[in-house]
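Chain order of the listed sequences is H and X. First residue of the first sequence? That's 12 in the numbering used here, and the numbers climb one at a time after it. First residue of the second sequence? That's 12 in the numbering used here, and the numbers climb one at a time after it. The C-beta atom is built at its ideal place from N, Cα and C for all residues, glycine as well. Predicted model only: the values in this text are computed from it and were never measured.
Number of protein chains: 2
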Amino acid sequence: MLISQTAEYALRAIVSLAERHGQSVVTQDLARRTRIPAGYLSKILQTLRRAGLVHSQRGLRGGFVLQRAPDKISVLEVIDAIEPIRRMTRCPLDLPEHASGLCPLHRRLDEAIGQVRNTFASFSIADLLDESRRGVSRGLCDTVAAPAR
Amino acid sequence: MLISQTAEYALRAIVSLAERHGQSVVTQDLARRTRIPAGYLSKILQTLRRAGLVHSQRGLRGGFVLQRAPDKISVLEVIDAIEPIRRMTRCPLDLPEHASGLCPLHRRLDEAIGQVRNTFASFSIADLLDESRRGVSRGLCDTVAAPAR
DNA sequence: AGACAATCGGACATGATCATGATATTTTCT
DNA sequence: AGAAAATATCATGATCATGTCCGATTGTCT
């Protein structure tokens, strides 16, 4: 599916946080809106925190907030925080002969990787939200799903 | 890594078969040249056979051959035979409200998927070989690795 | 200040899928 | 018949997606 389930979850979570940027959002609430299993989402949020994308606050009135404004976070950053889409620096069949340069096959694959990296780097979380404000649909599939509690 | 290990193996195998198109190549030989664990390669070849990309022949003088000419097989076909990169037809958070149309996030992801599908569909196995004949490097990283046996 | 409750943060456990190995079984050429 | 192959089956360790628990913080209320 191009990106892993986990990376897709991470994007959902970040988008949902961006929709309420500034407010502190609790894991349970996020889980409900994004339809991500709460226990798993918790782990994903930890990863995003370590990557410096979100800030967490414990205790009462705690929760998560984005570290940066939605227009300062690219989709690529979120994906890379979870499962880096690495470029191919060297050929998987590592033969001594070609330490320089990849073979045609892997050169093509690397180009494709570079292409999707560029695509994902080219738009931000905010881009995913702006559209929503222009009518049609909300950031996360019109997900309003049972207001918190 | 964009495509799975298995899909990458499948590409290596197909490229290696293409390099000797017409000849019947044995699994062990393929495994040596492509550096793919023989037991696993065997399973991949089964999948490729069921997908109609290669033809197999049992018994003495048996082995595998491409079903079609290298220029008639796209990289995408090989990948799809192993692990289909599906378009997103519907939003993963399947809420009734939006049976039509994806939300911005998933629309973008779907576009990215479409993009890589197009990229991979746009060139053939032969394209990976032609370059090799023009000097520089061979189809599979100059892999000549210990001639059969 | 102290108790309490809401939250995150980590540790451990599990089923599924992936990548792989080992082995037996069938087919087919010579 | 015998050997060389593919094909099929079973087993394993690693990683992924997930669940469960408990411990560590921290705001709020007496």
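Problem - Cβ neighbours of Ser2(H) in the same chain (closer than 6 Å, five flanking residues each side left out) - result: Nothing can be reported for residue 2(H), as the shown portion of chain H is limited to 12 through 160.
Exercise for the section: Give a single yes or no on whether Gly63(X) has its beta carbon closer than 7 Å to a heavy atom of the ligand GDP. Expected result: What this structure holds is no ligand at all, so the ligand GDP is not there to describe.
Handout entry: Nearest-angstrom Cα separation, counted from Tyr51(X) out to Ser133(H)
Key = 38 Å
Handout entry: C-beta neighbour in chain H for Ala157(X), strict 8 Å
Key = In this prediction, Ala157(X) scores a pLDDT of 42, lower than 50, which makes its location untrustworthy; no coordinate-derived value is stated.
Exercise for the section: For the region 111-119 of chain X and the region 79-86 of chain X, state whether three or more C-beta atom pairs, one from each stretch, are separated by less than 8 Å. Expected result: no
Handout entry: Beta-carbon spacing of Ala24(H), Leu77(H) below 8 Å
Key = no
Handout entry: Near-chain X residues of the region 50-72 of chain H - C-beta to any C-beta below 8 Å
Key = So the list is empty, because no residue satisfies the distance condition.
Problem - Cβ separation of Glu94(X) and Ala18(X), assumed to be a contact under 8 Å, to the nearest whole Å - result: With a Cβ gap of about 5 Å, Glu94(X) and Ala18(X) count as contacting.
Handout entry: Contact belief for Ser35(H) with Arg79(H) at Cβ below 8 Å, rounded distance in angstroms
Key = The C-beta separation of Ser35(H) from Arg79(H) comes to about 16 Å, leaving the pair out of contact by the 8 Å criterion.
Exercise for the section: Starting from Ile96(X), find everything on chain H with Cβ-Cβ shorter than 9 Å and list it in chain order. Expected result: Taking the beta carbon of Ile96(X) as reference, the chain H residues within 9 Å of it are Met12 and Leu13, listed in sequence order.
Practice task
List the endpoints of the continuous alpha helix (DSSP H) containing His117(H).
Solution key: Pro115 to Ala132
Practice task
Spell out the partners DSSP gives Gln68(H) in its beta bridges.
Solution key: According to DSSP, Gln68(H) bridges with Gly74(H).
Handout entry: Pairwise C-alpha distance: Ala92(H) and Arg44(X)
Key = The straight-line gap from Cα to Cα measures roughly 35 Å.
Exercise for the section: Please classify Ala156(X): does DSSP put it in a helix, a strand, or coil? Expected result: Legend: pLDDT at Ala156(X) = 45, less than 50; position of this residue unreliable, value from coordinates given subsequently. If DSSP states are grouped into helix, strand and coil, Ala156(X) belongs with coil.
Practice task
For Thr130(X), decide whether its Cβ has a neighbour in chain H, counting only Cβ atoms nearer than 8 Å.
Solution key: yes
Exercise for the section: Could you pull out every residue in the same chain whose Cβ sits closer than 8 Å to the Cβ of Thr58(X), ignoring the five residues on either side in sequence? Expected result: Ala21, Ala92 and Ile93
Practice task
Go through its chain and collect everything with a Cβ distance to Arg140(X)'s Cβ below 8 Å, but skip five positions before and after it.
Solution key: Looking at the sequence provided, one finds Leu at residue 140(X) rather than Arg. Answer for Leu140(X): Val26, Ala29, Glu30, Pro81 and Gly150, listed in chain order.
Practice task
Mind checking which residues open and close the alpha helix (DSSP H) that includes Val37(H)?
Solution key: Where Val37(H) is concerned, there is no enclosing alpha helix (DSSP H), given that its DSSP letter is neither H nor E.
Practice task
Determine the closest residue to Gly33(X) out of Leu120(X), Val65(X) and Ser53(X), with distance taken between C-alpha atoms.
Solution key: Cα-wise, what sits closest to Gly33(X) is Val65(X).
Practice task
Would you list the residues sitting across from Ser85(H) in a DSSP beta bridge?
Solution key: Ser85(H) is bridged to Ser135(H).
Problem - Residue of Gln16(H), Met12(H) and Gly70(H) minimising C-alpha distance to Ile55(H) - result: Gln16(H)
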